[in-house]
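**Q** Numbering (the numbering used here), first residue to last: 87 to 225. The structure is given below, and queries will be raised subsequently.
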Amino acid sequence: MAPLFTGNKFGFGVQESSIEEASGGTITNPGDGNRYHFFTASGAFNVGTNPISNMKVFVVAGGGGGGADNAGGGGAGGVRNISFPTVAPSDGPITVSVGEGGNGSTSVGGDQHAQQGGASNLTWQPTSALTNVVATGGG
Numbered sequence: 087m088a089p090l091f092t093g094n095k096f097g098f099g100v101q102e103s104s105i106e107e108a109s110g111g112t113i114t115n116p117g118d119g120n121r122y123h124f125f126t127a128s129g130a131f132n133v134g135t136n137p138i139s140n141m142k143v144f145v146v147a148g149g150g151g152g153g154a155d156n157a158g159g160g161g162a163g164g165v166r167n168i169s170f171p172t173v174a175p176s177d178g179p180i181t182v183s184v185g186e187g188g189n190g191s192t193s194v195g196g197d198q199h200a201q202q203g204g205a206s207n208l209t210w211q212p213t214s215a216l217t218n219v220v221a222t223g224g225g
């Protein structure tokens, strides 16, 4: 499975004190004043009761499967790196979908093709408009 990496430099949140109630994914506090939420499976990021300022998100899609025998490897999953000035508690939970890597080909000299990796995305409904951040799976 391709991970969806999140945190201050790449992900959800900023200062630890401003997002104590935010939850979702595997949370780490590396001591740099930031809080990181890592998703390796689909789930939800809950904003909590405090708004989050300057939320940064780094989304990685699943890579494509490789070919059989002497064929090439699959392509890397797409990446999206985006910032949001403010995410309010009223924006609701953010749905996190993590794309899996594509299956490789097992057919030597045959016509079975490797599969494309799955897309990873974040979706939520802020007060202004639906927000959907998508990273496309690799080929």
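We treat Cβ as the ideally placed atom computed from N, Cα and C, and that holds for glycine.
Leaving out five residues before and five after Thr222 in sequence, what residues of the same chain have Cβ atoms less than 7 Å from its Cβ?
**A** Closer than 7 Å at Cβ, skipping near neighbours: Ala147, Gly164 and Ala205.
**Q** In the DSSP assignment, find the unbroken beta strand (DSSP E) run with His123 in it and report its ends.
**A** Its beta strand (DSSP E) spans residues Tyr122 to Phe124.
**Q** Distance check for Ser139 and Val133, CA to CA, integer angstroms please.
**A** Straight-line Cα distance between these residues: approximately 11 Å.
**Q** Do you know offhand how far Gly224's Cα is from Ala108's?
**A** Straight-line Cα distance between these residues: approximately 31 Å.
**Q** For the beta strand (DSSP E) containing Val143, name the first residue and the last one.
**A** Per DSSP, Val143 belongs to the beta strand (DSSP E) from Ile138 to Val146.
**Q** By the 10 Å Cβ neighbour count, where 16 or more other Cβ atoms means buried, how is Ala200 classified, buried or exposed?
**A** It counts as buried.
**Q** Pull up the distance between the alpha-carbon of Thr114 and that of Asp177, whole angstroms please.
**A** When rounded, the distance between both Cα atoms is 23 Å.
**Q** Just verifying my parser: in three-state terms, what is the DSSP assignment at Pro171?
**A** Three-state result, Pro171: strand.
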